[in-house]
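Asker: The following block contains the structure, expressed as structure tokens.
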Amino acid sequence: MIILVKNGHIIDPSQGIDGVGDILIEDGKIKEVRTQNTPTPTLPHRGGGQGWGGDSELRTIDAKGLYVLPGLIDMHTHLREPGFEYKETINTGTTAAVRGGFTTVCCMPNTYPVNDNASVTEFIIRKAAQEGLCTVLPIGVITKGQKGEELAEMGAMRDEGCVAFSDDGYPVTNSLLMRRALEYSKAFSVPIISHCEDLTLSEGGVMNEGLLSVTLGLKGIPAEAEMIMVYRDISLAELTGGRLHIAHVSTEGSVRLIRDAKKRGVDVTAETCPHYFSITEDAVTGYNTNAKVNPPLGAKRDVEAIKEGLRDGTIDVIATDHAPHHIDEKLQEFDKAPSGISGLETALGLSMKLVDEGILTISQLVEKMALNPARILNLLVTGPKGTLKPGADADITIIDMKKEVKIEAAKLTSKGKNTPFDGWVLKGMPVVTISKGRIYEWQ
Ligand code: DOR
């Protein structure tokens, strides 16, 4: 099948492309990209010079007035399968992903059983090949059973297809284990994604510690619970030379620590999520469990610091931390409800606000949502993904900057309707997502 995406405004930071042009796709791969004054790509002849071999093989997409980007990569998604299919499945999660403009999602291992051995990794890969709408790349655990006691078989999981390791949902409290994991990360050349939380400080906490937590009578989590672990892990990355990636950065202090570490040349990268730069702890008011997330939503100064961290490059990646939960679980009282926000379908629109505010250019946004995740996860070599270079997977996200969408939680594609952005109007939404040449489109 041949696809021609015509007249779109192509943004591809991997090649410095920012201009109107066409993209030719053949058999699920990018064949050619031409911009501005260069002519339309030459349509290849098939069947020994006998022409097209039938019109059905050519599909033209008119992208005039639309942005055409390398497919977005979410390096932090909870797909919940195996084990928690009532919250999400590989099928429903990847459906939400393509709806949100993502062509690759990396799924966190806190499933049941947890992804702590090659057979679980293999199950996920097989299921995704059968039922997934986009590419699914598994993340394996750091410690067996996520118990923090013993390292999992990272080498076997890496060989099976895991692109990173994380105990996400929990920190690795044992510093020696974290040291060893970082040593392996260097040897295997895969990142360790750290959920930074000092459990002795956060224990029992359900929201950010401050005046609001006192007013609401909820136990708070101080920002230091995140910062202390960020500092420890940076120190261990410095000691080992390992590849550290800090997950869901939410506090001003963490941004400062990561900025300083990068200046010293430590091999550390970081992600934040749209909810950490779009809303504050105020969203919890009224005991809104859809705003309960771990780490918790911060204060205004945290939001400002995160935006500055995105602007100055301290924070490399915008990831969703898509954490779908069942409505009945979120209907419990605030203390008991699980943490998490369903994020795949709102991430792009919320991130586009950063472009509107002049914090990021659209090209920098693509870096944070496609190129940098690809770099960190070695996908520029193996897909390639995160780029529109010829030979790369035909993963493309087409966005209409004029299209406004009112988010209606109940109508999200994901099984997880748990969003604090219900009723928000977002602009710059995907209208076409192409995943390895498979086309998904919406009005
Ligand atoms: O809010 C969160 N939800 N934070 C995490 O680290 C885990 C996630 C989940 O799995 O629900």
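First residue of the sequence shown: 1124, per this note's numbering; consecutive thereafter.
All residues carry an ideal CB built from backbone N, CA and C; glycine is no exception.
(1) Below 8 Å between beta carbons: does that hold for E1211 and G1539?
(2) Which partner residues of A1242 appear in the DSSP bridge assignment?
(3) Would you decide whether I1213 is buried or exposed? Buried here means 16 or more other CB atoms lie within 10 Å of its CB.
(4) Would you mind reading off the limits of the beta strand (DSSP E) that contains I1562?
(5) Quick check on L1324: does DSSP put it in helix, strand or coil?
(6) Which term fits P1294, buried or exposed, when burial requires 16 or more other beta carbons within 10 angstroms of its beta carbon?
(7) P1236: buried (16+ other C-beta within 10 angstroms of its C-beta) or exposed?
(8) Is it a yes or a no for the stretch 1511-1519 touching the stretch 1430-1445, going by three-plus beta-carbon pairs under 8 Å?
(9) Under the three-state reduction of DSSP, which class applies to E1155: helix, strand or coil?
(10) Name, in chain order, the residues that DSSP records as bridge partners for Y1190.
(11) N1331: which of A1304, A1384 and T1408 sits nearest, CA to CA?
(12) So the candidates are I1485, A1346, M1277 and L1189; which of them puts its Cα closest to the Cα of S1312?
(13) Cβ of I1402 within 8 Å of Cβ of L1420?
(14) Pull up the distance between the alpha-carbon of E1394 and that of I1499, whole angstroms please.
(15) By alpha-carbon positions, which one of G1509, G1139, K1187 and P1496 ends up nearest to L1127?
(16) Output the distance between the C-alpha atoms of R1222 and V1554, rounded to the nearest integer angstrom.
(17) How is H1398 classed by DSSP in three states: helix, strand or coil?
(18) Relative to the C-alpha of L1494, which candidate in D1390, E1480, L1202 and T1227 has its C-alpha closest?
(19) Please identify the residue among I1146, E1480 and T1392 whose C-alpha is closest to the C-alpha of V1440.
(20) DSSP has F1288 in a bridge; who is on the other side?
(21) Is N1233 a contact residue of ligand 1, with contact defined as CB to any heavy atom under 7 Å?
(22) Quick one: measure Cβ to Cβ for G1376 and A1422, integer angstroms, because I've assumed they're closer than 8 Å.
(23) Determine the burial state of K1525: buried for a count of at least 16 other Cβ atoms within 10 Å of its Cβ, exposed for fewer.
(24) Closest by CA to K1270, which one among G1481, N1238 and E1283?
Answerer: Reading it off the structure:
(1) To locate residue 1211, count along the sequence shown from 1; it is residue 88. To locate residue 1539, count along the sequence shown from 1; it is residue 416. Their beta carbons are under 8 Å apart, which means E1211 touches G1539 by this criterion.
(2) As a first step, residue 1242 must be located in the sequence shown, where it is residue number 119. Per the sequence shown, the amino acid found at residue 1242 is Ser instead of Ala. In the DSSP output, where bridge partners are listed per residue, S1242 has none listed.
(3) Along the sequence shown, read from residue 1 onward, the residue named residue 1213 stands at position 90. Counting Cβ neighbours within 10 Å, I1213 comes out buried, since at least 16 surround it.
(4) On the sequence shown, residue 1562 is found 439 positions in, with the first residue counted as 1. Note, I1562: beta strand (DSSP E), R1561 to E1564.
(5) Start at 1 with the first residue of the sequence shown, and residue 1324 comes out as number 201. Of the three classes helix, strand and coil, the one that applies to L1324 here is helix, per DSSP.
(6) As a first step, residue 1294 is located in the sequence shown; it is residue number 171 there, counting from the start. Buried: at least 16 other Cβ atoms inside 10 Å.
(7) For this step, residue 1236 is matched to residue 113 along the sequence shown. Classification of P1236: exposed, given that the 10 Å Cβ count is below 16.
(8) no
(9) Looking up residue 1155 in the sequence shown gives position 32. If DSSP states are grouped into helix, strand and coil, E1155 belongs with the strands.
(10) Working through the sequence shown from its first residue, we reach residue 1190 at position 67. For Y1190, which the question treats as bridged, DSSP gives the partners H1132 and I1522.
(11) Locating residue 1331 in the sequence shown gives position 208, counting from the first residue. Closest option to N1331, Cα to Cα, is T1408.
(12) Your numbering for residue 1312 matches position 189 in the sequence shown. It is M1277 whose Cα lies nearest to the Cα of S1312.
(13) Numbered from 1 along the sequence shown, position 279 holds the residue referred to as residue 1402. Numbered from 1 along the sequence shown, position 297 holds the residue referred to as residue 1420. Against a cut-off of 8 Å, the Cβ pair of L1420 and I1402 comes out as a contact.
(14) Residue 1394 sits at position 271 when you count from the first residue of the sequence shown. Residue 1499 sits at position 376 when you count from the first residue of the sequence shown. Approximately 11 Å, taken between the alpha carbons.
(15) In the sequence shown, residue 1127 corresponds to position 4, counting from 1. Nearest of G1509, G1139, K1187 and P1496 to L1127, Cα basis: K1187.
(16) Within the sequence shown, residue 1222 is the residue found at index 99, counting from 1. Within the sequence shown, residue 1554 is the residue found at index 431, counting from 1. Cα-Cα distance, rounded: 8 Å.
(17) Within the sequence shown, residue 1398 is the residue found at index 275, counting from 1. Helix.
(18) In the sequence shown, the residue the question calls residue 1494 occupies position 371. When only C-alpha atoms are compared, the closest one is T1227.
(19) If you number the sequence shown from 1, residue 1440 lands on position 317. Minimum Cα distance to V1440 is reached at T1392.
(20) Residue 1288 sits at position 165 when you count from the first residue of the sequence shown. F1288 pairs with G1263 and I1315.
(21) Here the question's residue 1233 lines up with position 110 in the sequence shown. True, at least one ligand heavy atom lies under 7 Å from that Cβ.
(22) Your numbering for residue 1376 matches position 253 in the sequence shown. Your numbering for residue 1422 matches position 299 in the sequence shown. The Cβ separation is near 11 Å, so there is no contact.
(23) Within the sequence shown, numbered from 1, the residue matching residue 1525 stands at position 402. Its Cβ having fewer than 16 others within 10 Å, K1525 is exposed.
(24) By 1-based counting over the sequence shown, the position of residue 1270 is 147. Comparing Cα-Cα distances from K1270 to each of G1481, N1238 and E1283, the minimum goes to N1238.
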